[in-house]
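**Q** Numbering (my numbering), first residue to last: 271 to 404.
For glycine and all other residues, C-beta sits at the position ideal for the given N, C-alpha and C.
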């Protein structure tokens with residue numbers, strides 16, 4: 271019988287120091303977990319916002335390029351002539367402008383829309399009367 275003798279001590283409540291450490295560490299760990307989750311959520315939100323802003327930048331750059339092309343096209347002689355004739359009412363030297371003037375006693379004829387006469391609605395009681403009694 272060369273086996274060592276193992277003495278078991280009775281299991282009781284943990285010592286005061288261990289309980290005090292558990293009371294202090296558990297809330298600290300919970301706080302760290304919540305703070306980490308909040309930071310992760312904020313980071314996700316900021317990344318989504320940054321992605322939206324990046325797409326806005328791409329759209330604005332495309333619009334800027336289109337506007338620059340429109341400016342370059344508007345600087346051509348044909349575009350300047352078109353704007354001068356259509357929007358400003360100018361004519362080239364040698365052209366004969368044509369101005370239409372109405373006669374003094376005659377008003378310009380404007381088409382008047384013809385409206386069909388709307389039948390006056392019958393009172394509701396009259397409609398029921400006709401429905402039941404013909």
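Mapping DSSP to helix, strand and coil, what is residue 362?
**A** In the structure shown, residue 362 sits in coil (DSSP, three-state: anything other than H, G, I, E or B).
**Q** In whole angstroms, what is the alpha-carbon distance linking residue 355 and residue 368?
**A** In a straight line, the C-alpha of residue 355 is about 13 angstroms away from that of residue 368.
**Q** To the nearest angstrom, report how far apart residue 342 and residue 348 are at their CA atoms.
**A** Their Cα atoms are separated by approximately 12 angstroms.
**Q** Taking C-alpha atoms, which residue in 276, 277, 293 lies nearest to residue 284?
**A** Out of 276, 277, 293, 293 has the C-alpha closest to the C-alpha of residue 284.
**Q** What is the rounded straight-line gap between the Cα of residue 311 and the Cα of residue 279?
**A** Rounded to whole angstroms, residue 311 to residue 279 spans 49 angstroms at the Cα level.
**Q** Tell me the residue span of the alpha helix (DSSP H) that contains residue 327.
**A** Run containing residue 327: 286 to 344, per the alpha helix (DSSP H) assignment.
**Q** The alpha helix (DSSP H) that contains residue 347, what's its start and end?
**A** First-last of the alpha helix (DSSP H) with residue 347: 347 to 356.
**Q** Once you ignore the five residues that flank residue 371 on each side, which residues in its own chain have a CB closer than 6 angstroms to its CB?
**A** Taken in chain order, the list of residues that qualify is empty.
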